[in-house]
Each structure stands twice: as structure tokens, then as C-alpha cells.
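Scroll down for the structure; my scribbles are underneath it.
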Amino acid sequence: MYESLTRQQVPWEAVVALDGADPARLPAPLAADDRVRVLPLPRPVGAACARNLALNEVRTDYINWADDDDEFSDHAMAVRLRVLEATGVGWCAGYSQDLRPDGSTTLWRCPTPPGRHKAGDVWMYWKRPEDTIPIGPTTILARTDLVRAAPMGGLVQGEDYIAALGVTSLAPGILLPLPVYRYRQHPGQMTRQDAYDALEASARRHAWNFGRSLRTALRGLKPSNASEAR
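This is the structure in C-alpha cells:
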């Protein structure tokens with residue numbers, strides 16, 4: 010991830026949340042780079058909490074969540090930043106790629122189509138909780154104020170589903186039909202662990218319900234399955 014950041018064409022800062030890990034384990038190049046700011050946490054708190062606490066340290070106008078074992082494409086920041094500054098939308102996203110150990114990639118086109126989307130419309134492309142999520146959370150570059158209003162959800166996994174639906178529900182945005190993020194496939198991934206599938210269905214359902222309810226509330230609509238008030 011750090012090496013891909015050094016190839017970006019615009020200025021950047023990174024906040025690294027150490028989820029209870031010893032700060033001495035931080036690789037030397039990161040520790041020596043003034044653009045990398047470290048948030049050591051005294052005990053493990055989980056990905057959602059660690060990332061939310063790291064939001065307190067963000068000083069840039071825009072933010073992009075990222076996992077430390079993945080990487081950005083070289084143009085990722087510049088191309089989305091230009092769109093944000095030119096259009097005034099709240100977020101700009103792209104496609105992602107799976108990056109295998111041999112260096113080959115497979116493109117993932119999210120269900121949300123390219124183009125401009127109104128606030129709340131991204132959720133509409135997630136037809137059922139068990140379907141593929143509508144947009145890649147780590148492909149989204151968004152205004153920092155929006156991210157702070159829609160941080161990670163209180164889940165042990167799928168917390169970034171909540172963040173993605175929150176940001177895209179609070180402001181209009183644009184999806185670009187080009188890859189901006191690469192998920193590195195390896196045995197140590199959280200999604201490769203034996204226990205991951207046990208909670209995935211519940212996490213997806215919670216996120217799906219969150220997106221539906223938030224869209225309904227923001228648009229002043231009556232939930233389709235709501236009982237009559239008495």
C-alpha cells in the first residue's frame with residue numbers, strides 16, 4: 010500500500026491505525042516518511058473502531074479508506090480528485106481488481122453503473138442482502154466531512170459496507186469505469202479465514218437494512234414494511 014501511495018500524482022497523507030500492535034513493528038520507510046502519521050492504540054479494538062479513531066487524525070479535505078495489504082493504481086488519486094474538484098459532488102469511485110500472487114489481475118465491475126448518481130441511489134443496485142455489494146468501499150474518494158458523518162459500522166466484518174452506503178446516501182457522486190484499487194489475494198486475508206463465512210450473511214443483511222432505512226429516512230418516505238402507527 011505504501012509503495013503505491015508513493016506513485017500517486019497528487020499530494021497525500023496517510024494515517025496508519027495500529028490496532029494494538031507494537032509501533033516498533035512499523036516498517037522503517039513508513040516511520041521515516043513525514044506524510045505517514047501513526048495512531049498507536051493501546052489494545053486491539055478491531056478494524057471498525059481503529060479506523061473510526063483514525064478519522065480524528067485526518068487533516069486532508071478528502072479521504073479514502075484502504076487496507077494495508079492492498080494497493081492503489083497509479084492514477085487513482087489524481088483522476089478522482091479532478092472529478093471531485095470539477096463537479097462538486099461528494100464522492101467519486103471506480104472499479105477494483107483482484108491481484109493474484111503471480112501479478113495477474115481480474116477486473117470487478119460493481120453492480121452500480123458508471124456515471125453520476127443521486128444521494129441514496131447506490132443502494133438501489135443492491136437488490137438482496139445476499140447479492141454482491143453495490144460498490145467497492147475502498148474505491149471511494151470522498152469529502153472528509155461526509156466520511157466523518159458516515160464512518161465504519163459497528164460490525165466485526167462488513168463494517169465498510171456501512172461506510173460506503175452511508176457516504177453514497179448523504180451526497181451525490183460519480184462512478185468512473187476504470188480501476189483505482191487492487192485487492193491483493195493471499196492466504197492471510199480476513200476473507201480467507203475459516204470463521205469469516207459464519208457472520209457474513211448477518212453482516213450483509215445489517216448493512217442492506219441500514220442502506221434501505223437511511224435512504225428512506227433522508228427522502229422522507231414511509232418504509233414499505235412499516236406497520237401502521239397506533
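For the sequence shown, the working numbering gives the first residue as 10, with consecutive numbering after it.
All residues carry an ideal CB built from backbone N, CA and C; glycine is no exception.
Relative to the C-alpha of residue i, which candidate in the options has its C-alpha closest?
i, options, result
"L27", "P20, L35, R91", "L35"
"T96", "A180, L14, R221", "A180"
"D206", "N61, V24, G124, Q166", "Q166"
"W217", "I149, T153, D203, Y134", "Y134"
"A30", "V24, P20, R52", "R52"
"R125", "R68, L185, P20, R91", "L185"
"P146", "R137, R118, D203", "R118"
"M161", "A59, A37, E22", "A59"
"P123", "G229, L14, L187", "L187"
"D83", "E12, E66, V54", "E12"
"Y170", "G229, T141, P196, Q194", "T141"
"F219", "V88, L164, A87", "L164"
"L116", "G229, L14, W21, R193", "R193"
"D107", "L14, A172, F81", "F81"
How long is the line joining the alpha carbons of residue i and residue j, rounded to whole angstroms?
i, j, result
"R44", "D79", "18 angstroms"
"A210", "N61", "23 angstroms"
"R68", "L39", "18 angstroms"
"A238", "H215", "Any reading at A238 must be qualified, since the residue scores a pLDDT of 36, below 50, and its modelled position is unreliable; no value is offered."
"A75", "R109", "18 angstroms"
"A85", "D203", "32 angstroms"
"S236", "V98", "With a pLDDT of only 38 at S236, under the threshold of 50, the placement of this residue in the model should not be trusted, and no figure is reported."
"P196", "G229", "45 angstroms"
Among residues of its own chain, excluding the 5 on either side of residue i, which ones have a beta-carbon nearer than 7 angstroms to its beta-carbon?
i, result
"R157", "L64"
"P6", "A query on residue 6 cannot be resolved here, the shown segment of the chain reaching from 10 to 239 and no further."
"E22", "R44, R46, R68, T69"
"A159", "A172, G175, V176, L179"
"K136", "none"
Beta-carbon within less than 6 angstroms of residue i's beta-carbon, same chain only, minus the 5 sequence neighbours each way: which residues are those?
i, result
"N73", "L150"
"T148", "A102, G103, S105, V189, Y190"
"V92", "C101, I183"
"R121", "First, the amino acid is wrong: residue 121 is Thr here, not Arg. Here the set comprises V131, Y134, P143, I144, L184."
"A87", "Q18, V19"
Using C-beta distances below 8 angstroms, list every residue in its chain close to residue i, excluding the 5 sequence neighbours before and after it, in chain order.
i, result
"L227", "A128, G129, S178, L179"
"E66", "V24, R46, L48"
"V54", "D28, G29, L62"
Compute the beta-carbon to beta-carbon distance between residue i and residue j, rounded to the nearest angstrom, for a pair I have assumed lies under 8 angstroms.
i, j, result
"V189", "L155", "About 18 angstroms; that fails the 8 angstroms criterion."
"T114", "R191", "7 angstroms"
"L223", "L174", "7 angstroms"
"D70", "R152", "7 angstroms"
"D77", "M10", "5 angstroms"
"E139", "R213", "7 angstroms"
"E168", "A37", "Actually they do not touch by this definition, with Cβ atoms about 30 angstroms apart."
"V24", "L90", "18 angstroms between Cβ atoms; not a contact."
Using three-state DSSP, classify residue i as helix, strand or coil.
i, result
"H126", "strand"
"T115", "strand"
"E22", "coil"
"A95", "helix"
"S105", "strand"
"R191", "strand"
"G182", "strand"
"L64", "helix"
"R239", "Confidence in R239 is poor, its pLDDT being 29 and thus under 50, which makes the residue's placement unreliable; the coordinate value appears in the next sentence. R239: coil per DSSP, three-state reduction."
"I144", "coil"
"A151", "strand"
"W135", "coil"
"W217", "helix"
"R46", "strand"
"L27", "strand"
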